Amino acid sequence: MSVPKLPESRYFPPAEEADPDGIIGIGGELSPDWLIDAYTHGIFPWPFDEDFPIPWCSPDPRGIIPLDGYHFSRSLCRLVRKRRFDVTCDRAFRQVLQHCADAHGGREHTWLTGPMIDAYDELHRLGLAHSVEAWFEGKLVGGVYGVAIGGLFAAESMFYLMPNASKVALAHLLVHVRRRGYRLFDIQMVTPHTRTFGGIEIPRSEYLARLARALEVDADFGQRLEWADDDFRRPCGRPVSPSE
């Protein structure tokens, strides 16, 4: 199956037309308009070379972490309650991206290319991309970032410089977006790491249906993290609802 080249008019074929590898097309550009259009149609960019046209993907199955079914290990809950790390949001967005690029083989061997960093940084300035950071003694040691549109939060990548720092950041992000009213937490593909948080695979058709419902929600990420110790007193139990 040949992969179609996308027109300059920013048109994405239906996600169901992706090839067996999940690629819907190549080309286009990493502008806010292209990225917003992609994410709202269940598609995301996955470049591997700055000199090659951008591949746009919609894999089947799709990985998510259900916001009514995530879970944390007992050791992670204890670590959070001990407050070993200071956890913030949107304090060091670009630094988080740069660390994520370095964590995946350096800028020359990662899908998180220079143009990708610039593109997501622009989304951040528009209020459509956010980061959660973990700090230790004033140093950034872990973080996660993603795209937030309507009730969708699409987590993109994470990094750590100290053991468990990225886990702490991701746990805070999950609690925060649920408390803020998000409906869908996209992780693209399930990894052993995200599986420990409750990551599951669902058919692309189900993902697209959930995405459509999530985009009807006008969630607001806010300017500071929302969480409480009680969010981390249920090691493998249900999340705490905003009303509790």
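The sequence shown begins at -13 in my numbering and counts up one residue at a time.
Even for Gly, the Cβ is constructed at its ideal location relative to N, Cα and C.
These figures come from a predicted structure and were not determined experimentally.
Next on the checklist: If you measure between the beta carbons of Y106 and G128, is that distance less than 7 angstroms?
Outcome noted: Locating residue 106 in the sequence shown gives position 120, counting from the first residue. Locating residue 128 in the sequence shown gives position 142, counting from the first residue. Contact: no.
Item to check | Cβ shell of A155 (< 7 angstroms), same chain only, five flanking positions each side left out | outcome: Here residue 155 corresponds to residue number 169 of the sequence shown, with the count starting at 1. Closer than 7 angstroms at the Cβ level, and outside the excluded window around A155, lie V73, V118, E119, A120, G128, G129, V130 and M144.
Item to check | Nearest residue (CA-CA) to R196, options T177, D217, F171 and R210 | outcome: Here residue 196 is taken as the residue at index 210 of the sequence shown, counted from 1. If we check each option's Cα against that of R196, F171 comes out closest.
Checklist entry - Based on the DSSP output, what are the partners of L170 in its beta bridges? => result The count along the sequence shown starts at 1 and reaches residue 170 at position 184. DSSP lists L138 as partners of L170.
Item to check | Which of helix, strand or coil DSSP assigns to R48 | outcome: On the sequence shown, position 62 is the one that residue 48 refers to. Three-state DSSP puts R48 in a strand.
Next on the checklist: Spatial neighbours of I51 within its chain, please: C-beta separation below 7 angstroms, excluding the five flanking residues on both sides.
Outcome noted: Taking the sequence shown and counting its residues from 1, one reaches residue 51 at position 65. Hits under 7 angstroms: L160, F171, I173, T180, F183, G184 and G185.
Checklist entry - With a Cβ-Cβ cutoff of 7 angstroms, do I188 and R48 count as a contact? => result Against the sequence shown, residue 188 aligns to sequence position 202. Against the sequence shown, residue 48 aligns to sequence position 62. Against a cut-off of 7 angstroms, the Cβ pair of R48 and I188 comes out as a contact.
Checklist entry - So, are the CB atoms of R166 and A205 less than 7 angstroms apart? => result Residue numbering aside, residue 166 sits at position 180 when the sequence shown is read from its first letter. Residue numbering aside, residue 205 sits at position 219 when the sequence shown is read from its first letter. Yes, Cβ-Cβ distance for R166 and A205 is below 7 angstroms.
Checklist entry - So the beta strand (DSSP E) S117 belongs to, where does it begin and stop? => result For this step, residue 117 is matched to residue 131 along the sequence shown. Start and end: A115 to F122.
Item to check | Beta-carbon contacts of S191 that lie in its chain and below 6 angstroms, excluding the five residues immediately before and after | outcome: Mapped onto the sequence shown, residue 191 falls at position 205. Here the set comprises nothing.
Checklist entry - Taking the alpha-carbon positions, what's the A157 to P(-1) distance? => result Position 171 of the sequence shown, counting from 1, holds the residue named residue 157. Position 13 of the sequence shown, counting from 1, holds the residue named residue -1. Using only the alpha carbons, I get a separation of about 35 angstroms.
Checklist entry - Starting from P41 and walking both ways along the beta strand (DSSP E), at which residues does that stretch end? => result The sequence position of residue 41 within the sequence shown is 55, counting from 1. It spans P41 to C43 - the beta strand (DSSP E) in which P41 sits, taken as one unbroken run.
Checklist entry - Any idea if G113 is buried or exposed, counting beta-carbon neighbours within 10 angstroms, 16 or more meaning buried? => result For the purposes of this step, residue 113 is taken as residue 127 along the sequence shown, with counting starting at 1. It is exposed - the Cβ of G113 has fewer than 16 other Cβ atoms within 10 Å.
Checklist entry - Using DSSP with H/G/I as helix, E/B as strand and the rest coil, what is Y25? => result Translated into the one-based positions of the sequence shown, residue 25 becomes position 39. Helix, per DSSP.
Item to check | Beta-carbon gap between E108 and P18 smaller than 7 angstroms | outcome: Numbered from 1 along the sequence shown, position 122 holds the residue referred to as residue 108. Numbered from 1 along the sequence shown, position 32 holds the residue referred to as residue 18. Yes, the pair counts as a contact, with Cβ atoms nearer than the cut-off.
Item to check | Distance CB(I10)-CB(W42) smaller than 7 angstroms | outcome: The residue you call residue 10 lines up with position 24 of the sequence shown. The residue you call residue 42 lines up with position 56 of the sequence shown. Closer than 7 angstroms, so yes.
Item to check | Option nearest H235 by Cα separation, candidates E202, L194 and K153 | outcome: Since the first residue of the chain shown is -13 and the last is 230, residue 235 is not available in this structure.
Checklist entry - When the distance is taken between beta carbons, is H110 closer than 7 angstroms to F207? => result The residue you call residue 207 lines up with position 221 of the sequence shown. The residue you call residue 110 lines up with position 124 of the sequence shown. Against a cut-off of 7 angstroms, the Cβ pair of H110 and F207 comes out as no contact.
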